[in-house]
């Protein structure tokens, strides 16, 4: 499109964002390329700018709907105390403690015997059924059950110390 630079400036002046201007120019190109062949506007330049303006209006409306939706969600799910929104995130010490427990679990799983570790990982972490785990590993369902049970006992004993 030979008028691309002018269109990008047109979009940038109205949106205040060079990135949004580039996106809108690309959308405009796709919109125009999708028109039926042979369909010609009386004034092609005016038509291009009319489509460009409509794209900006559509984007603005979409952003307004998203902002309203986000605001409604925050209003329904946020905790407000003394007029201030309060984050419902766990305390830093709880986060640190959880990360430590997770690290210990990962280390404990890594130290399991290979078959036990694989059965535990496939069944408990990847969500495979006992039968699917058995097929994947080429062992019986009963062996998978024994490996998973032994792994759970091993991990429970190790992590409760």
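In our numbering, the protein residues as written are 53 to 213. Glycine included, C-beta positions come from ideal geometry on N, C-alpha and C.
Rounded to the nearest angstrom, what separates residue i and residue j at their Cα positions?
i           : j           : result
residue 202 : residue 168 : 7 Å
residue 137 : residue 123 : 12 Å
residue 56  : residue 121 : 34 Å
residue 205 : residue 183 : 21 Å
residue 151 : residue 177 : 17 Å
residue 131 : residue 180 : 38 Å
residue 143 : residue 187 : 43 Å
residue 156 : residue 84  : 57 Å
residue 148 : residue 134 : 29 Å
residue 110 : residue 116 : 10 Å
residue 145 : residue 154 : 14 Å
residue 108 : residue 114 : 10 Å
residue 94  : residue 141 : 59 Å
residue 102 : residue 158 : 58 Å
Leaving out five residues on either side along the sequence, give the residues of the same chain with a beta carbon under 8 Å from the beta carbon of residue i.
i           : result
residue 104 : 59, 62, 63, 76, 80
Skipping 5 residues on each side, what residues in its chain have a beta carbon closer than 7 Å to that of residue i?
i           : result
residue 170 : 189
residue 91  : none
residue 210 : 160
residue 73  : 60, 63, 64, 67
How many whole angstroms separate the CB atoms of residue i and residue j, which I take to be in contact at a CB cut-off of 8 Å?
i           : j           : result
residue 172 : residue 129 : At roughly 36 Å, the Cβ-Cβ gap does not stay under 8 Å, so residue 172 and residue 129 are not in contact.
Can you find the residues in the same chain that come closer than 6 Å, C-beta to C-beta, to residue i, ignoring five residues on each side of it along the sequence?
i           : result
residue 207 : 160
residue 175 : 185, 200
residue 193 : 182, 183, 186
With respect to the alpha helix (DSSP H) encompassing residue i, which residues constitute its N-terminal and C-terminal limits?
i           : result
residue 56  : 56 to 67
residue 206 : 193 to 211
residue 182 : 182 to 189
residue 84  : 70 to 85
residue 177 : No alpha helix (DSSP H) holds residue 177; DSSP gives it neither H nor E.
residue 163 : Note, residue 163: premise wrong, no alpha helix (DSSP H); not H, not E.
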